[in-house]
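Participant: In the working numbering, the protein residues as written are 2 to 446. C-beta: ideal position from N, C-alpha, C; glycine also. My questions will all concern the structure given below.
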Amino acid sequence: MSSVIEQERYTCAIGALQSVVAIPRAVPILHSGPGCGDMIAGFFERSTGYAGGSTSPCTNFSEREVVFGGIDRLREIISNTYKVLDTDLQVVLTGCTSGIVGDDVDALAEEFRAEGKPLVTVETPGFKCNNFEAHSQIVNAIIDQYVAQYAEENESRSEPNTVNVFASLPYQDPFWKGNLGEYKRLLEGLGFTAHILFGPLSGGTGEWRRIPRANFNILVSPWYGKHVADHLKDKYGQPYTWFPYIPIGANATEEFLRQVVDFAREAGATIDYERAEAFIERESAAYYEEIDNLATFLLEFRYGLPNHVHILHDAGYVVGLSKFLLHEVGIVPKEQFVTDNTPEKFKERIAAELQSVSGKREIPVTFEPDAGLCQDAILRLEHSGRGLIIGSGWDKELAVEKGYDFLSAALPSPYRLVLTTNYAGFSGGLRVIEDIYHQVLTTYR
């Protein structure tokens with residue numbers, strides 16, 4: 002890995018303020034320099050939510066606070082935020098300067114909690130980790146400092162058919178709203194009550210307070226969020242089932258849903274299992290009906306469609322899209338690039354999952370947060386046939402240079418507006434097909 006990262010596709014730890022923004026009526030308060038909020042707003046774009054990005058309350062840490070400390074300034078900002086904004090939860094995130102100075106933010110938070118104000122603090126200096134890891138820290142902090150206050154009225158594992166879902170990272174995953182909504186729809190179709198915790202389809206802080214009631218947790222991720230599932234297992238005795246990539250299309254979605262159903266049996270859930278299986282079969286049949294309708298198009302354009310793909314994305318999408326594109330679309334995954342700065346201990350498992358995509362061919366994978374190096378590697382590759390690149394907006398010119406088709410599906414993504422589109426699930430697979438072939442058809446004159 003190079004000493005300077007080019008085209009970084011994630012942010013520093015304080016970028017996880019977007020996880021707070023994604024909770025309805027929750028507000029992040031930055032105890033940091035003024036540039037932090039602007040940086041996050043610039044990276045994520047169109048993601049201010051209730052009070053995020055450049056609108057987040059901030060202490061604007063300056064030289065004065067470096068010398069004398071910034072606690073008084075933070076106290077003032079928190080107090081004023083309660084006066085100005087009608088909030089259900091406030092979460093203080095510390096930046097690099099306050100992290101170095103060592104302000105006792107936790108002691109200040111106790112002052113407000115003593116007044117009955119819901120306030121959570123999280124140490125998120127940029128030198129500590131990136132926003133993938135900080136997301137778990139924020140979730141665990143909310144669980145320990147906010148959810149735990151309501152433990153007596155929310156008995157642990159008291160609802161056998163309720164589950165907590167930990168999956169797409171808000172805003173870091175461009176399709177997070179749609180994906181979480183689709184997980185909720187699918188799980189409710191099986192007979193569960195699903196807490197998705199983030200986004201407009203969640204129940205806000207009320208849903209967070211009910212986290213302990215869930216019988217078990219569902220983790221859909223190659224690595225990020227695992228600390229949350231492990232923490233809840235220790236804290237409330239909730240077991241969890243782990244699906245290690247984004248389930249896209251029929252094969253993976255059926256596998257995911259049946260894995261959940263099997264785990265639910267072991268956990269003592271009381272859903273109607275025959276009805277759950279009928280739901281899976283009905284959803285799958287609807288999916289394959291659309292695939293059948295695609296046959297005429299594929300036959301007509303079979304010599305002018307992409308036959309191989311390079312993906313630059315986080316591990317969940319690299320594995321999920323590779324499996325889907327090979328088995329359900331007929332596009333062969335070539336060299337793949339994981340750009341999320343995956344912790345070392347998870348790389349072997351992710352690489353093995355990717356190799357399980359096909360028993361006939363090896364799929365080379367590179368774990369490299371420096372996307373500039375990834376692009377250099379792709380430029381040196383030569384494959385016959387029409388190629389496809391799935392990545393961020395930075396990869397558009399790479400696709401032009403290679404003469405490949407291009408699909409924008411990762412951040413930063415200035416060439417695409419995503420609102421509630423999902424790539425997860427049966428419908429997500431169909432949307433991926435639509436998006437790829439839409440890009441192909443736009444090249445015809």
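For Ser222, which of Ile212, Pro201 and Tyr184 has the nearest alpha-carbon?
Facilitator: The residue given as residue 222 occupies position 221 in the sequence shown. With distances taken between Cα atoms, Ser222 lies closest to Tyr184.
Participant: If we require 3 or more residues per run, which beta strand (DSSP E) segments fall completely within the stretch 370 to 440?
Facilitator: Qualifying beta strand (DSSP E) stretches, in chain order: 388 to 392 and 406 to 409.
Participant: Once the 5 residues before and after Thr56 are set aside, which same chain residues still bring their CB inside 7 Å of it?
Facilitator: By 1-based counting over the sequence shown, the position of residue 56 is 55. Excluding positions up to five away in sequence, the list reads Thr49.
Participant: For Ala251 and Ser285, which I take to be in contact (beta-carbon distance under 8 Å), what is that distance rounded to the nearest angstrom?
Facilitator: Counting from 1 along the sequence shown, the entry for residue 251 is found at position 250. Counting from 1 along the sequence shown, the entry for residue 285 is found at position 284. The pair is a contact, with the Cβ atoms about 5 Å apart (cut-off 8 Å).
Participant: Would Trp209 pass as a contact of Ile24 if the rule is Cβ separation under 9 Å?
Facilitator: Counted from its first residue, the sequence shown places residue 209 at position 208. Counted from its first residue, the sequence shown places residue 24 at position 23. Their beta carbons are under 9 Å apart, which means Trp209 touches Ile24 by this criterion.
Participant: Tell me Asn165's beta-bridge partners as DSSP assigns them.
Facilitator: As a position in the sequence shown, residue 165 is number 164, starting the count at 1. According to DSSP, which records beta bridges pairwise, Asn165 is partnered with His196 and Asn218.
Participant: Using the C-alpha atoms, what's the distance from Leu120 back to Lys324?
Facilitator: Start at 1 with the first residue of the sequence shown, and residue 324 comes out as number 323. Start at 1 with the first residue of the sequence shown, and residue 120 comes out as number 119. So the alpha carbons of these two residues sit roughly 42 Å apart.
Participant: Is Val140 helix, strand or coil by DSSP?
Facilitator: As a position in the sequence shown, residue 140 is number 139, starting the count at 1. It is helical.
Participant: Got a sec? Which residues, its chain only, sit under 6 Å from Val130 by beta carbon, not counting five neighbours each side?
Facilitator: As a first step, residue 130 is located in the sequence shown; it is residue number 129 there, counting from the start. Before going on, a small fix: residue 130 reads as Cys here, not Val. Ala14.
Participant: Would you say Leu170 and Gly226 are within 9 Å of each other, going by their C-beta atoms?
Facilitator: What you label residue 170 is simply residue 169 of the sequence shown in a count that begins at 1. What you label residue 226 is simply residue 225 of the sequence shown in a count that begins at 1. Going by C-beta atoms, Leu170 is nearer than 9 Å to Gly226.
Participant: Excluding five sequence neighbours on each side, which residues of the same chain lie with their C-beta closer than 6 Å to the C-beta of Ala410?
Facilitator: Locating residue 410 in the sequence shown gives position 409, where the first residue counts as 1. Here the set comprises Ile391.
Participant: In chain order, what residues of the same chain have a beta carbon less than 7 Å from the beta carbon of Asp436, not counting five sequence neighbours either side?
Facilitator: Residue numbering aside, residue 436 sits at position 435 when the sequence shown is read from its first letter. Hits under 7 Å: Leu408.
Participant: Is it buried or exposed for Ser428, if we count other Cβ within 10 angstroms and need 16 for buried?
Facilitator: Mapped onto the sequence shown, residue 428 falls at position 427. Counting Cβ neighbours within 10 Å, Ser428 comes out buried, since at least 16 surround it.
Participant: What residues in its chain sit with their C-beta under 7 Å from that of Asn308, if we drop five residues either side in the sequence?
Facilitator: The residue labelled residue 308 in the question sits at position 307 within the sequence shown. Once the five neighbours on either side are set aside, the close Cβ partners of Asn308 are Ile332, Val333, Gly386 and Arg387.
Participant: Going by CA-CA distance only, name the one from Val262, Gln239 and Leu399 that's closest to His311.
Facilitator: Taking the first residue of the sequence shown as position 1, residue 311 is located at position 310. Residue Leu399 is the option with its Cα nearest to His311.
Participant: Count the other CB atoms within 10 Å of the CB of Arg381; is the residue buried (16 or more) or exposed (fewer)?
Facilitator: Position 380 of the sequence shown holds residue 381. Exposed is the call here.
Participant: Which residues mark the beginning and the end of the beta strand (DSSP E) in which Trp1 is found?
Facilitator: For residue 1 there is no data in the structure shown, the boundaries of the chain being 2 and 446.
Participant: In three-state terms, what does DSSP make of Met2?
Facilitator: Position 1 of the sequence shown, counted from the first residue, corresponds to residue 2. Residue confidence for Met2 is low, a pLDDT of 44 falling below 50, so the modelled location carries little weight; the figure read from the coordinates is stated next. Here Met2 sits in coil by DSSP.
Participant: Which residue's Cα is closest to the Cα of Gly373: Asn216, Phe44, Gly394 and Ile212?
Facilitator: For this step, residue 373 is matched to residue 372 along the sequence shown. Checked all of Asn216, Phe44, Gly394 and Ile212; the closest Cα to Gly373 is Gly394.
Participant: Looking at the unbroken alpha helix (DSSP H) that takes in Ala27, where does it start and where does it end?
Facilitator: Taking the first residue of the sequence shown as 1, we reach residue 27 at position 26. Segment Ala27 to His32 is the beta strand (DSSP E) holding Ala27; no alpha helix (DSSP H) there.
Participant: Does the beta-carbon of Asn294 have 16 or more other beta-carbons within 10 angstroms, so that it is buried, or is it exposed?
Facilitator: Within the sequence shown, numbered from 1, the residue matching residue 294 stands at position 293. So Asn294 ends up on the exposed side.
Participant: Let me confirm a value: Lys346 is counted as buried when at least 16 other C-beta atoms fall within 10 Å, else exposed. Which label applies?
Facilitator: Position 345 of the sequence shown, counted from the start, is the residue given in the question as residue 346. The residue in question, Lys346, is exposed, as its Cβ has fewer than 16 Cβ neighbours within 10 Å.
Participant: How about the stretch 158 to 167 and the stretch 69 to 85: do they share at least three Cβ pairs that are nearer than 8 Å?
Facilitator: Not touching, per the Cβ criterion.
Participant: On the premise that Thr95 lies in contact with Gly34, defined as a C-beta separation below 8 Å, what is that separation, rounded to the nearest angstrom?
Facilitator: Along the sequence shown, read from residue 1 onward, the residue named residue 34 stands at position 33. Along the sequence shown, read from residue 1 onward, the residue named residue 95 stands at position 94. 11 Å between Cβ atoms; not a contact.
Participant: Considering only residues of the same chain and omitting the five flanking positions on each side of Tyr151, which have a CB-CB separation below 6 Å?
Facilitator: As a working note, residue 151 is residue 150 in the sequence shown. Same-chain partners within the cutoff: Arg210.
Participant: Buried or exposed: where does Gly127 fall if 16 or more other Cβ atoms within 10 Å of its Cβ makes it buried?
Facilitator: The sequence position of residue 127 within the sequence shown is 126, counting from 1. So Gly127 counts as buried.
Participant: If you measure between the beta carbons of Arg214 and Asn155, is that distance less than 9 Å?
Facilitator: On the sequence shown, position 213 is the one that residue 214 refers to. On the sequence shown, position 154 is the one that residue 155 refers to. Yes.
Participant: Beta-carbon within less than 8 Å of Pro370's beta-carbon, same chain only, minus the 5 sequence neighbours each way: which residues are those?
Facilitator: Residue 370 sits at position 369 when you count from the first residue of the sequence shown. If we look at Pro370 and ignore the five residues flanking it on each side, its Cβ neighbours are Met2, Ile6, Glu9, Arg10, Tyr11, Thr340, Asp341 and Asn342.
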